Amino acid sequence: MRIMIVALIGLLLACQALAQIGDAAATLDQQTEQVTAAAVELTRDDLDLISLRESLVEARRDALRMSETLGAEREQVVADLERLGEPIEGEAANVTERRTRLQGQREALSAQISQAELNADEAERLLSEIAELRRTRFYTNVFERSGSPLQPSRLQAATGAVSEGYGRAESGLTNWIETRRSDGSLMTQIAILGAAIVFALLMAIPVRGWIQRQVTSQIEKLEPLGSRRILAAASKTITRAVPAIIAGFALYQIIVMVGLVGPTGVSILQHAWIGLVAIILVDGAATAILSPRSPAWRVIKVTDQGAFWIRSLAIATAAVIVVDDLLRSVAALGQSDLTAGLTLRGLTAIILGGLIIAITRSWAWRLPEETEATTQPGLSKWIGPVGLVIGGGLIVAALVGYSAAAHFFSTRVVFVVGLVAIAFAIRALLREGVRLLDSRFRSSEAADNDSERMLFFWVGLLVDLVVIAFTIPLVFLLFGSDWSDVRTVVQDALFGFQIGSVRISILQILTAMGLFALLLAATRFVQRTAETRVFPNMRMDVGVQNSLKTLIGYVGLVIAFMTGVGMLGFDLSNLAIIAGALSVGIGFGLQSIVNNFVSGLILLFERPIKVGDWIVTSSGEGIVKRISVRSTEIETFDRSSIIVPNSELISGSVTNWTHKNKLGRVTVPVGVSYNEDPDQILEILRGIPKDVDIVLNFPEPLILFVGFGDSSLDFEVRAFVSDVSSSLKARTELRVAIFKAFKAAGVEIPFPQRDLHLRSGPEGWKFGDTPASGDDTES
C-alpha cells in the first residue's frame with residue numbers, strides 16, 4: 013500500500029512537471045514569434061521605434077526571467093538525479109522509471125533555457141539596432157543645415173508666424189468676450205479675474221516681501237558659519253519662490269476655469285505658466301546663493317559686483333529661454349512651416365551664446381580679496397576662456413545655418429549647469445542633514461573621534477553616490493535620450509545587470525550601504541543612550557563604562573558589516589572559507605597586528621587596565637585615555653601621548669595604581685640630628701597626619717624609625733589617601749606640616765657637613781716635592 017502511495021505521488025509530480033514544461037514551451041514559442049516579428053518590423057520605413065522598443069524590452073525581460081526560472085527547475089531536477097545516484101543492478105523498477113523521467117526533464121529544460129537565452133540575445137541585438145536608428149534620426153535632424161537666422165526672408169517668416177499666432181490668440185480672447193457679453197456673465201467673469209489678479213499681486217509683492225524680511229531677520233541673527241550658509245540659501249529660495257508660485261498658480265487656474273483662453277490658447281498659457289515658475293525659481297535660487305546684499309551669507313565667494321552681475325545674467329538667461337519657448341508655441345499656432353521655428357531657435361542660440369560669454373567673464377568670478385592686478389588661481393582662471401569658446405562656437409554655428417544644433421547645445425549647456433547647481437545644493441543639504449543627525453546620535457566624548465569622522469565620511473560618500481545616480485539619468489534626458497531608454501537603463505542598473513557570471517545591482521549595493529550606515533547610526537544611538545541614561549544608574553566605574561561602550565560599538569560594527577555583506581548576496585560561508593585559507597598568511601605576515609588585536613580584546617574583556625587608570629609601563633607613565641583594538645593611548649603628566657601596543661600591556665609588567673580602587677599610600681622620609689630624642693620625634697610625627705585633611709585616618713598612618721643615617725636619625729611617615737592621583741599634593745602638605753612642627757619644637761634637621769683640609773709645604777717648596785715632616789697645616 014505504501015509503495016502504491018509513493019508511486020501515485022511520483023506520478024502526480026511528474027504530470028505537474030510535464031504540464032509546467034508544456035506551458036514554458038508555449039510561452040517560449042510566443043516570445044520567439046514576437047522577436048521574429050520585431051525583426052521584420054525593423055525593415056519598414058514608417059516605424060514607431062519607441063513602441064517597438066518597449067515591446068522588445070518587455071520580451072527580453074520575460075526571456076531572462078524565464079531563463080532564471082527554468083534554471084532553478086533544472087537545478088532541482090539535477091539534485092533529484094544526484095540523490096537517486098547511478099543505476100545499480102537489481103534496483104526497483106519505479107526508481108529506474110523515475111531516473112529516466114528526470115533525465116528527460118533535464119534535457120527538455122536545458123533546451124528551453126537555451127531557447128530563452130537565444131530569444132534574449134536576439135531581442136538585445138534588435139534593441140541595439142533600434143538605438144542606432146534613433147540616434148541617426150536624432151542627430152540628422154539636429155545637425156541639418158538651414159539658412160542663417162539673420163536673413164531678412166527668414167526674419168520676415170518668423171515675424172509673420174508669430175503675428176499670425178498672436179492674432180489667433182487675440183481672436184480667441186475677442187470671441188470669449190463676445191460670448192460672455194451675450195450670456196450676461198462678462199462682468200462676473202471680469203470680477204473673478206480681477207480678484208485673482210489682486211490675490212496674485214498681494215502674494216507676489218507684500219506677502220512675499222514680509223515673509224522674506226521675517227526669514228532674513230532670523231537668519232542674520234546667527235553667525236554665518238559655512239554649514240549654515242546652504243541652509244540659509246535653501247530657506248531664502250523657498251520663501252522667495254513659493255509665494256510667487258502660489259500666486260501664479262491661482263491666476264492660471266482662474267483663467268482656465270473661466271475659459272478665458274480657448275483650446276488654441278491653452279498650450280500658450282501652459283508654456284507661460286511653466287516659464288513663470290522657472291524664472292521665479294532661478295531668481296530665488298540665484299538671489300539666495302549669491303546674496304548680493306549680504307556678503308557674509310554668500311555661498312559662492314565672489315565680489316559684490318560679481319554677485320550682482322551673475323545674478324542678473326542668470327535671470328536674463330532663464331527669461332530668454334522662456335520667451336523662446338513661448339514665441340515658438342505662438343508661432344506654431346500660426347503656421348506649420350519649420351522655417352519660423354528654426355529662425356527663432358537660431359536667434360535664441362545667438363542670444364544665449366552672448367549671455368554665456370558675458371556670465372563667464374573672469375572678473376565676475378574673482379574672490380572678494382582679489383584685485384584687478386592679481387591672478388585668480390581658482391575658477392576665474394579658466395571659466396572665461398571656456399565660456400568664450402562655448403558661447404562663440406554657438407554664435408558661429410547659428411550664423412552659418414546650424415540653428416537647430418546651436419539651439420540644442422546652448423539650451424543644454426544652460427540646463428546642465430542648472431542641473432549641476434541643483435545637484436550640488438541637494439548634496440550640501442543632505443550632507444548637512446546627516447551632520448546634524450550624527451551630532452544628535454553621537455556620544456559626548458566622540459566629537460573628534462576618528463571613527464565618528466570615518467562614519468560621517470562614508471555616509472557622505474553614500475549621499476554623493478545617490479545624488480550622482482539621480483543626476484546622470486537627467487543629463488541623458490537633456491541630451492536627447494528618450495525616457496523609455498533612460499528608464500530601461502535605470503531599471504537594469506537598479507535591479508541588476510549581468511557582467512560575465514556576476515550580477516550587479518546598484519539598488520542592492522545602495523541598500524546594503526544604507527543598511528550598514530543605519531545600523532552604525534543605531535549603534536551610536538545605543539552607545540549614547542547607555543552612556544547618558546543606563547550607566548549613570550548603575551554602580552560601575554568610568555573604566556567599565558568605557559569598556560562596555562567600546563564593546564557595543566564593535567558588536568554593532570560587526571553586525572552592520574555582516575548584514576551589509578549579506579545584502580550584497582555574498583555567501584558568508586564563502587567568506588569563512590576565504591578566511592581559513594588566509595589564516596596561515598595572516599599568522600605569518602600580520603602576526604603583530606593580530607597579536608595586538610587579540611590583546612585589545614583581552615584588555616576590554618578582562619580589564620586589567622581601563623580608561624582613567626594610572627599605570628606605569630616600560631614605555632612610560634600616565635593616565636589611560638583610550639583603549640582600541642590595536643593600541644592604547646596613555647597621556648603622561650607632561651600632557652604628551654604615548655601609543656602603546658596592546659601586546660606590550662598583556663605580555664609585559666604593568667603597574668596599575670588604580671586597578672581595584674584609588675586608595676593609595678604616600679611615604680615621606682625625614683631625618684633629625686643625633687642630639688634629638690627619638691621618642692620626642694615619634695610623638696611629634698604622630699600628630700602630623702591629623703593636621704593634614706587630605707590624609708585618611710583609616711587605614712591608620714604609620715610612623716617608623718627606619719635607621720641611622722650618615723648624619724641623621726631617619727624616620728618615615730606612611731599615610732593613606734583616598735585618591736592616589738593626589739599623592740603629590742599629600743606629600744607636599746605633610747612635608748610642610750613636619751617642617752612647621754619641627755621648627756616650633758626646636759628640632760634640628762641636619763644636613764651633610766664636610767671638613768676641608770688644605771696642606772701647605774715649606775718655603776721654596778714646589779709641586780711634586782715631598783714636604784718635610786711636621787709641615788702639614790690644617791684649616
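Sequential numbering of the sequence shown, starting at 13, is according to this note's numbering. In this text, a Cβ means the ideal position worked out from N, Cα and C, and glycines have one as well. Just so you know, these numbers come straight off a predicted model, no measurement behind them.
Using a C-beta cut-off of 8 Å, the segment 697-704 makes contact with the segment 748-756, since at least three inter-stretch Cβ pairs fall below that distance. Around the Cβ of P681, a 10 Å sphere holds fewer than 16 other Cβ atoms; the residue is exposed. If you draw a straight line from the Cα of L490 to the Cα of V429, it is about 11 Å long.
In this chain, the beta strand (DSSP E) harbouring G719 covers L714 to F720. Closest option to G632, judged by alpha-carbon separation, among I518, S665, L293 and A298: S665. Between G159 and R166, the gap from beta carbon to beta carbon is short of 8 Å. For the options R86, T249, R642 and E66, the alpha carbon positioned closest to that of D295 is the one of T249. In this structure, V479 sits near I438, with a CB-CB distance shorter than 8 Å. The alpha-carbon of L359 is positioned some 47 Å away from that of T48.
Between the beta-carbon of G318 and that of R241 there is about 17 Å, and that puts the pair past the 8 Å contact cut. By the neighbour-count criterion, in which 16 or more other beta carbons inside 10 Å mark a residue as buried, P713 falls on the buried side.
Cβ contact annotation for L68 (same chain, cutoff 6 Å, sequence separation greater than five): A50, A135, L138 and L139, in chain order.
Around P657, the same chain offers N608 and S643 as residues with beta carbons nearer than 6 Å, after the five sequence neighbours per side are excluded. When secondary structure is reduced to three states using DSSP, L675 falls in the coil class, being assigned neither helix nor strand. Positions of the alpha helix (DSSP H) runs, each at least 4 residues long and wholly inside the segment 515-563, are given as 518-541 in order along the chain.
Beyond the five residues adjoining it in sequence on each side, E45 comes within less than 8 Å, by CB distance, of no other residue in the same chain. When the alpha-carbon of I292 is set against those of W309, I312, Q265 and S324, the nearest one is in S324.
Scanning its chain for C-beta atoms nearer than 7 Å, with the 5 sequence neighbours on each side dropped, one finds no residue around T112. Per DSSP, R698 is one residue of the alpha helix (DSSP H) stretching across P690 to G699. In terms of Cβ geometry, R252 and R225 do not form a close pair [threshold 8 Å]. Sorting S724, L746, R743 and E728 by C-alpha distance to the C-alpha of E760 places S724 at the top. Between I322 and A376 a beta carbon distance of about 6 Å is seen, short of the 8 Å cut, so the two are scored as contacting. Judged by DSSP in its simplified three-state form, N687 adopts coil rather than helix or strand. For K637, no alpha helix (DSSP H) segment is defined; the enclosing uninterrupted segment is the beta strand (DSSP E) at G632 to I639. Proximity of the segment 663-678 to the segment 625-640 meets the contact definition, three or more beta-carbon pairs being nearer than 8 Å.
The C-beta separation of L364 from L406 comes to about 7 Å, placing the pair in contact by the 8 Å criterion. Here V425 is buried. Its C-beta has 16 or more other C-beta atoms within 10 Å. For I614, the CB contacts under 7 Å within the same chain, skipping 5 residues up- and downstream, are I662 in chain order. Contact between the segment 78-93 and the segment 103-120 is present: three or more C-beta pairs spanning the two stretches fall below 8 Å.
Residue environment for E190: exposed (fewer than 16 other C-beta atoms within 10 angstroms of its C-beta). When C-alpha distances from A297 are compared across G366, I327, T315 and L708, the shortest belongs to I327. Pairing A132 with A170 gives a Cβ-Cβ distance that is not under 8 Å. The beta-bridge partner set that DSSP reports for I654 consists of I646. Between S640 and G683, the CB-CB gap reaches or exceeds 8 Å. When DSSP states are grouped into helix, strand and coil, F732 belongs to the strand group. In the DSSP assignment, V107 falls within the alpha helix (DSSP H) that extends over A105 to V154.
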